[in-house]
Amino acid sequence: MSRISIRRAAAVAAIAGTAALAVPALSHAEPTGSLGSLGSADGGSSTGSLGGSLGGSSTGSLGGSLGGSSDAPAGGFTCESLSTEATPAGWGIPFDDEQGQEASYSASGVFDRNGSLELAVDGPSDRAAWYHSAGSVKLADVIGKEIGFAEKAATSTASFQMRLLGTTGGKFENGFTTLVWVAEPGTTSTSDGGMHDMIQNGRWWSTQNIDGAKDRVPTTLAAISAANPNATVEHYGVSVGTGSVATSTLVDAVTFNGCTTDFATNGPAAPATGSGSGTGSGAGSLGSLSGSTSS
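Residue 245 in our numbering sits at position 243 of the sequence shown, and the numbers go up by one each step.
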């Protein structure tokens, strides 16, 4: 081998070594801490950090940039591809006013056989939810990326939620509100497992009377973002209640900002035998307004 060839080989090896060191460091970066109770009218500082271990597998922005994917997570967001009962990987309830409403991990799956997240309520006054930090990404940056989740229940009852700051027109100085999406009745069959996909193109309603989304009337994320250019997503998640009768639903494959999280009791997913009903459209408008909300 010539001296020039040796130098080139050494340079390639050095670059590869640097990449190998960089990937673990980035993949275990902590997500932005939680905001605690976001409903403070005075826009006070956040309290606490998101519960749960951060040791889960990450497919953060480095993987997206190396792959050249347009669905790579927006900056400030940490992607966790696996959340288990032993290692929630940043998923949980970081808000003081929602303690006792935790979801649970189930051995039953939606489309795979490694488990899922169970949201169960005992009656109209009960509620169950599970959140992850969104890293204060701008709403305008995430609405062009896929949002969705898989659900298995006799009737779809789970909602997808995004907790925002920086909106205008509402009662809170810090611009807090929660955007809620619920499947319109009959749009997706979930009895054998169904996908609520591309719901960023669906219709959402706001728990607060913010500009672009007044009086809990469902509208598009594009319209809400246009009316609130400084809005940021602080947390996202799934929930059931308040107002739902006693029910239980299984949720998996929660997708937000270029990241899909697999919920499992333990370990990686195993393919399921048979087929499920996953052809429903997730772009349906909001059905009953009695779905889950965060006030």
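We put the CB at the ideal spot given by N, CA and C, even for glycine.
Model, not experiment: these values are computed from the prediction.
Here the C-alpha atom of T80 lies approximately 30 angstroms from the C-alpha atom of R218. Under DSSP, S208 takes part in a beta bridge, and its partners are L181. For secondary structure counted as the beta strand (DSSP E) over 3 or more consecutive residues, the region 80-106 holds these complete runs in sequence order: 84-86.
In terms of Cα proximity to R205, the closest of V182, T192 and M197 is V182.
In the structure shown, S227 adopts helical secondary structure according to DSSP, grouped into three states. Taking all protein chains in view, the Cβ of N232 is surrounded by fewer than 16 other Cβ atoms within 10 Å, so the residue is classified as exposed. Within the same chain, Cβ atoms closer than 6 angstroms to the Cβ of S208 are found at T179, L181 and A215, the five residues on either side in sequence being excluded. Straight through space, the alpha carbons of H237 and L166 are spaced by roughly 7 angstroms.
If you check the CB distance, S138 and G78 come in under 8 angstroms. The three-state reading of DSSP puts D143 in helix, counting H, G and I together. Sequence-distant partners of A225 (beyond 5 residues in either direction) whose C-beta falls short of 6 angstroms from its own C-beta, in its chain, are G214. Apart from the 5 residues on each side of it in sequence, T234 sits with its Cβ closer than 7 angstroms to the Cβ of S138, V139, K140, L141, L166, L167 and G168 in its chain, given in chain order. L119 is not a Cβ neighbour of Y133, given a cutoff of 8 angstroms. For R165, the enclosing beta strand (DSSP E) has its first and last residue at S161 to L167. Cα atoms of G195 and K173: separation of roughly 39 angstroms, rounded to the nearest angstrom. DSSP places E236 in the uninterrupted beta strand (DSSP E) bounded by T234 to V242. In the DSSP assignment, T249 falls within the beta strand (DSSP E) that extends over T249 to F258.
Residue environment: V253 is assigned as buried (16 or more neighbouring CB atoms within 10 Å of its CB, all protein chains considered). Judged by DSSP secondary structure, D264 falls within the beta strand (DSSP E) whose first and last residues are C261 to A266. Just measuring C-alpha positions, the residue of S227, T263 and V123 sitting nearest V144 is S227. The beta-bridge partner set that DSSP reports for E120 consists of S106 and L252.
Looking at the DSSP output, E153 bridges to G196 and V253.
Distance between T86 and T170, taken at the CA atoms: about 37 angstroms.
Beyond the five residues adjoining it in sequence on each side, A266 comes within less than 7 angstroms, by CB distance, of L84, T86, N116 and G117 in the same chain, given in chain order.
A direct Cα-Cα distance of roughly 24 angstroms separates A156 from T262. With respect to the 8 angstroms criterion, A109 and V242 are not classified as neighbours on the basis of their beta carbons. With 16 or more other CB atoms across the displayed protein chains lying within 10 angstroms of its CB, Q210 is buried.
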